[in-house]
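Residue numbers (the numbering used here): 2 to 916. No residue lacks a Cβ here, since even glycine has one placed at the ideal position from N, Cα and C. Below is one structure, written out as structure tokens; comments come after it.
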């Protein structure tokens, strides 16, 4: 399976090209492929699919295309190739081996060609890279600004590679070949001066001087006519050389391929030194053994090291392999630093204390040829001498394990051809501000690379014997190279032990960190050294985050856990992000790495942390329900010992509330599971019940196991009102799943339980649900009787919302019994409830449809068609496809209009795609 961006966006399998469908689906795939293995927010996908302002239904369109694309990939057995399209919070991730993407292979080949290879090897690499192009990048996608920008960036890289290929040909003396490579591109891009200059040079040196001069005059005229400017220096220099060249065709200064020079740049002057090659300073540690993967990070580091005196800032969490990455890169690029390679461990996160500035310089200066007699006495004097010696060298300085920017600045060489690489567990934003440091973040390894690392330690044969278990072990180690190496070391010590047995031990979260420590190294040791750098109050808050039951948290959840306010909580989170203990996955949403979470749980968080965050979710869900479903905000009373959070998020509109529900769905379910495990019954059933707006939207999403847990919790609390409400919701979901017999058994005790608790509203709701099950079992008269009683109870409770719900169902049951006039009167009465705050379109659409059906039964076809048409239009306008299908389906019973049929099919297609 291969993914292509360099031309038409496509997916090629052994069976052929997958039928991706419309341009928007190809655009969505392109947006995911441009950031493989990283979450892409729905808003980012929306921006990629529309050139102008997206329509209100944009989110649904995106979800529909994601669903269809996921189906295509599953059908093509993408999982066998390590490809998977997954949902991650409010984003989607296309997980895949990067080598399956043509754009990735292109960039890899170009990076290899720019490396230490000779010109002949460079020519082969560039040609192989350029052969991957099958047309303009992203050729058939929507012309949205993000995709246009991405296509432009890829095209720029392609053109630069063409110029570098020509330069490599020139280094081999193959000037005609260089001209042949450049000519079509210069024709296609007549205003690109670098192309024209390179072509002029190649033509001149190939003995075609008149053609070279003609290209200059042609380009000069175009620049004047199109842009009103004169040729730049690069073009005029090429013209001058061609114009005044000696008759024997003197050599023109063609720039070599190098680390910091493009094919058409002026080469840097050579470094002068009295030292031989073997005397060059080299303090680098030995290359890491068993290093694997990290091609993207190595390429990013090479890019960051371009330019004048760059400072590269390699950051990431403890154990992620920053030092190994930098040392591997430094050895790979040794030839690019003929002035020397210096290395110092600043021990910013060690037990042995940090070296002083003078101690570091006493290592650096002798390596640069300073004798003991010339060594300055003061640290400032030594730093000044270091900068002086570095000024004219092509020098690499690696400053490993830096604590902060202040520790690093005195050691920056500052020479125009020096490269400094700093590694740290902290973000060190100050170094970005003062010294324009270029960040190179290092993330955890993919499962594929993690498995390969295991194979490097254990041997290929042992990993091939248990490939699934090896991949699972990589996942349990969270992709952290340090954890993987410790786990591999334990297995290497026990050749008779299987990887599966190691996994079984690792699944016990109380033992996992112990298994990932060995002698004086391991995850717990590394994290302890990081945490030790934090202020005491931040450490306490970090410990509280370990008690969070879910995977993500916001500043309100953090405030509840830490007993602070959201502003203070966010400041703490930012401090933890800077130390790479917490990761911000989306604006306002943070997470802990699995192993970091286990470490945090081992710290003292004080009492009631879990209860506080559970109560935060209860309070926030109640606020969301009050906006998403007005009139239902009291459906769950607060627990008697409720811990009120310092602040609760506010919601301004139903969409806002439902967006929160959607984003927090997994964490709400995990919170309910944690409450159940901790035997906090009063929280368990409340948290499950507060998920009902999501259940109403996606009723077939396997809610029954969770509701059964809530039912056990309500019964354990001996709360008849709670048990009644849970039974009612569970009974409704069972009915919707077609399990009507079970629904009837579940819902039958509910009205009596509410009556015993004196809960009129709960009894009314329970009767509505019970009637729904009875109707599904073919007893509309019995169902109508129960609904009529529910109407009476709702009126006694002065609950107009439940009364309207009961009236709607009563009208439907009377329709099923052929009581047309009674059904019409009941539905019409319910329609008068539209004055209720927050009345949603769905209720009105369903009631209008019911009146239309009743009028058809009474023979008033004209008025029925008017009501049904009104219902269909309102449903279509609001994006309520289910209601549109119902109303249009009834209309098609009395009309064969082709337009109605097309609208029905369109609504049904949208509904099918969404589900």
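Buried or exposed: residue 568, going by 16 or more other Cβ atoms within 10 Å of its Cβ?
So residue 568 ends up on the exposed side.
Close beta carbons around residue 808, own chain, < 7 Å, minus the five adjacent residues each side
Non-local beta-carbon contacts of residue 808 in its own chain, meaning distances under 7 Å to residues more than five positions away in sequence, involve 792, 827, 830, 831 in chain order.
In terms of residues, what are the limits of the beta strand (DSSP E) holding residue 14?
It spans 11–14 - the beta strand (DSSP E) in which residue 14 sits, taken as one unbroken run.
Using a Cβ-Cβ cut-off of 8 Å (strictly less than) and excluding sequence neighbours within five positions of residue 718, which residues of its own chain qualify?
So the qualifying residues of the chain are 682, 683, 686.
Put residue 441 into one of helix, strand or coil per three-state DSSP.
Under the three-state reduction of DSSP output, residue 441 falls in the strand class.
Thinking residue 147 and residue 79 are a contact (beta carbons under 8 Å), I'd like their distance in whole angstroms, please.
The Cβ separation is near 24 Å, so there is no contact.
Just tell me which of 552, 55, 689, 894 has its CA closest to the CA of residue 710.
Out of 552, 55, 689, 894, the CA that lies nearest to the CA of residue 710 is found in 689.
Residues that DSSP places opposite residue 522 in a beta bridge
519.
Start-to-end residues for the beta strand (DSSP E) that takes in residue 93
Run containing residue 93: 92–96, per the beta strand (DSSP E) assignment.
Residue 618 versus residue 9 - alpha carbon distance
CA-CA distance, residue 618 to residue 9, rounds to 46 Å.
Between the CA atoms of residue 371 and residue 280 - distance to the nearest angstrom
Summary for residue 280: the model assigns pLDDT 48, below 50, so the residue's position carries little reliability, and this model does not support an answer.
For residue 279, does the three-state DSSP call read helix, strand or coil?
Low local confidence applies: a pLDDT of 37 at residue 279 is under 50, so the model's placement there is unreliable, with the coordinate-based value given in what follows. Residue 279: helix per DSSP, three-state reduction.
In the DSSP assignment, find the unbroken alpha helix (DSSP H) run with residue 642 in it and report its ends.
Looking at the DSSP string, residue 642 is not in any alpha helix (DSSP H), and its letter there is neither H nor E.
Under 8 Å: do the stretch 539–549 and the stretch 572–583 share three or more Cβ pairs, one atom per stretch?
Result yes; three or more Cβ-Cβ pairs closer than 8 Å.
DSSP beta-bridge partners for residue 425?
Partner residues in the beta bridge of residue 425, as assigned by DSSP, are 316.
If you draw a straight line from the alpha carbon of residue 571 to that of residue 547, how long is it in whole angstroms?
Answer to the nearest angstrom: the Cα atoms are 16 Å apart.
Between which two residues does the alpha helix (DSSP H) harbouring residue 107 extend?
Judged by DSSP secondary structure, residue 107 falls within the alpha helix (DSSP H) whose first and last residues are 103–114.
Please classify residue 797 as buried or exposed, where buried requires at least 16 other C-beta atoms within 10 Å of its C-beta.
A residue is called buried once 16 or more other Cβ atoms fall within 10 Å of its Cβ, and residue 797, having fewer, is exposed.
What are the start and end residues of the beta strand (DSSP E) that includes residue 86?
Residue 86: member of the beta strand (DSSP E) spanning 85–89, first to last residue.
For residue 674, tell me which candidate among 642, 714, 699 has the shortest Cα-Cα distance.
If you compare the alpha carbons of 642, 714, 699 with that of residue 674, the shortest gap goes to 714.
Quick one: what does DSSP say residue 752 is sitting in, helix, strand or coil?
Reduced to three states, the DSSP call for residue 752 is helix.
Which residues mark the beginning and the end of the alpha helix (DSSP H) in which residue 436 is found?
For residue 436, the uninterrupted alpha helix (DSSP H) run begins and ends at 430–436, by DSSP.
Residue 341 in three-state terms, based on DSSP:
It is a strand residue.
For residue 399, report the span of its beta strand (DSSP E) as first-last.
Residues 396–401.
Inter-stretch contact at 8 Å, needing at least 3 Cβ pairs: the stretch 354–371 / the stretch 443–456
Flag = no, the stretch 354–371 and the stretch 443–456 do not touch.
With 16 other CB atoms within 10 Å as the buried threshold, where does residue 699 fall?
Its Cβ having fewer than 16 others within 10 Å, residue 699 is exposed.
For residue 259, three-class secondary structure by DSSP:
At residue 259, the pLDDT of 32 sits below 50, so the modelled position is not reliable; the number obtained from the coordinates is stated separately. Residue state, collapsed to three classes: strand.
Determine which residues share a DSSP beta bridge with residue 587 and list them.
Note: residue 587 is bridge-paired with 590 in the DSSP secondary-structure output.
If residue 67 sits next to residue 86, beta carbons under 8 Å apart, how far is it from one beta carbon to the other, in whole angstroms?
Yes, residue 67 and residue 86 are in contact; Cβ-Cβ is about 7 Å, under 8 Å.
Excluding the 5 residues flanking residue 671 on each side, which residues of the same chain have their C-beta closer than 8 Å to its C-beta?
Here the set comprises 550, 551, 552.
Presumed contact (8 Å Cβ cut-off) between residue 853 and residue 843, rounded CB distance
Rounded, the Cβ-Cβ distance is 16 Å, inconsistent with contact.
Alpha carbon to alpha carbon, what distance is there between residue 100 and residue 290?
Their Cα atoms are separated by approximately 23 Å.
Just verifying my parser: in three-state terms, what is the DSSP assignment at residue 652?
In this structure, DSSP gives residue 652 a state outside helix and strand, which the three-state scheme calls coil.
So, using beta-carbon positions, are residue 418 and residue 394 closer together than 8 Å?
Yes, the pair counts as a contact, with Cβ atoms nearer than the cut-off.
Alpha carbons only, please: which of 386, 25, 74 is nearest the one belonging to residue 13?
The candidate whose alpha carbon is nearest that of residue 13 is 74.
Terminal residues of the alpha helix (DSSP H) in which residue 4 lies
Where residue 4 is concerned, there is no enclosing alpha helix (DSSP H), although the beta strand (DSSP E) it sits in stretches over 3–5.
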